[in-house]
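Below you'll find the structure, written out as structure tokens, and then a few comments.
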Amino acid sequence: AVGHLRAVLDEGAGDKDALAFLDAIFTRDERHADLLEVLDARAAGESSAAARDDLALRAARLTEVELGDVEGAIARYQKILGGSPQNAGAREALATIARGTDYRSSAVAALEPVLRAAKDWAGVVELLELRLAIEDAGAERLATLAEIARIEEIERRDTRRAFDAWARALTEEGTAEAIEVARCTPGLAGF
């Protein structure tokens, strides 16, 4: 059946019925690489934006879960959001990846501009906190905390949370200065 359907596609690459049948067969037989190719072809030939996004989302999830290519999946989710910024499935998938540790940086980078454009400030703050959890560089940590404080004060109008973020920044800045002073002070070099 697969050979016959592929022959049909050789004659008409966008044959929707042949692609739908291959989709069903490859899904049933768990032929993930072949299924990914079919999903991409189906999405490319789809005129409805909602149907195209559904197929693209299936392909992204397949890439992430079954093929284990999380970076590739992040790129696919990001592409979906480029055309449909409100796509809940792609947003949630990237948020879930960002909450993990292995691919956090890439997922945050893909999702943050979408949330900023939508003025989803609670989501942006969550992503900044996630970024902060993996950031080691003092200057970057301070810049991230300053951005959190700015969003809390100006965008969310929550002065208490803004104050808390500034307090964290000042604590980190003071700790960094104390460590630097200790390193440069004779007798405390082992600090």
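Residues in the sequence shown are numbered consecutively from 282, following this note's numbering. Don't be surprised by glycine CBs; every beta carbon is placed ideally from N, CA and C.
Of the residues the options, which one's Cα is nearest the Cα of residue i?
{"i": "residue 405", "options": "388, 345, 316, 302", "result": "388"}
{"i": "residue 393", "options": "384, 364, 407, 381", "result": "407"}
{"i": "residue 386", "options": "370, 365, 355, 363", "result": "355"}
{"i": "residue 348", "options": "315, 283, 302", "result": "315"}
{"i": "residue 362", "options": "306, 382, 395", "result": "395"}
{"i": "residue 350", "options": "436, 283, 317, 454", "result": "317"}
{"i": "residue 415", "options": "366, 446, 381", "result": "381"}
I need the straight-line Cα distance from residue i to residue j, nearest angstrom please.
{"i": "residue 427", "j": "residue 400", "result": "18 Å"}
{"i": "residue 450", "j": "residue 397", "result": "22 Å"}
{"i": "residue 360", "j": "residue 424", "result": "28 Å"}
{"i": "residue 448", "j": "residue 409", "result": "16 Å"}
{"i": "residue 336", "j": "residue 323", "result": "7 Å"}
{"i": "residue 357", "j": "residue 384", "result": "14 Å"}
{"i": "residue 438", "j": "residue 413", "result": "22 Å"}
{"i": "residue 353", "j": "residue 403", "result": "27 Å"}
{"i": "residue 431", "j": "residue 444", "result": "10 Å"}
{"i": "residue 286", "j": "residue 302", "result": "8 Å"}
{"i": "residue 371", "j": "residue 304", "result": "21 Å"}
{"i": "residue 297", "j": "residue 319", "result": "10 Å"}
{"i": "residue 295", "j": "residue 364", "result": "22 Å"}
{"i": "residue 419", "j": "residue 390", "result": "19 Å"}
{"i": "residue 321", "j": "residue 369", "result": "20 Å"}
{"i": "residue 440", "j": "residue 433", "result": "7 Å"}
{"i": "residue 325", "j": "residue 345", "result": "20 Å"}
Mind checking which residues open and close the alpha helix (DSSP H) that includes residue i?
{"i": "residue 366", "result": "Unbroken run through residue 366: none, as it is neither H nor E."}
{"i": "residue 386", "result": "385-398"}
{"i": "residue 335", "result": "330-342"}
{"i": "residue 430", "result": "419-431"}
{"i": "residue 300", "result": "297-309"}
{"i": "residue 404", "result": "402-415"}
{"i": "residue 318", "result": "313-325"}
If contact is defined by three or more beta carbon pairs under 8 Å, each pair taking one atom from either stretch, is the region 306-313 in contact with the region 322-330?
no
For the region 376-393 against the region 334-344, do three or more pairs of beta-carbon atoms, one drawn from each stretch, fall closer than 8 Å, so that the two count as touching?
no
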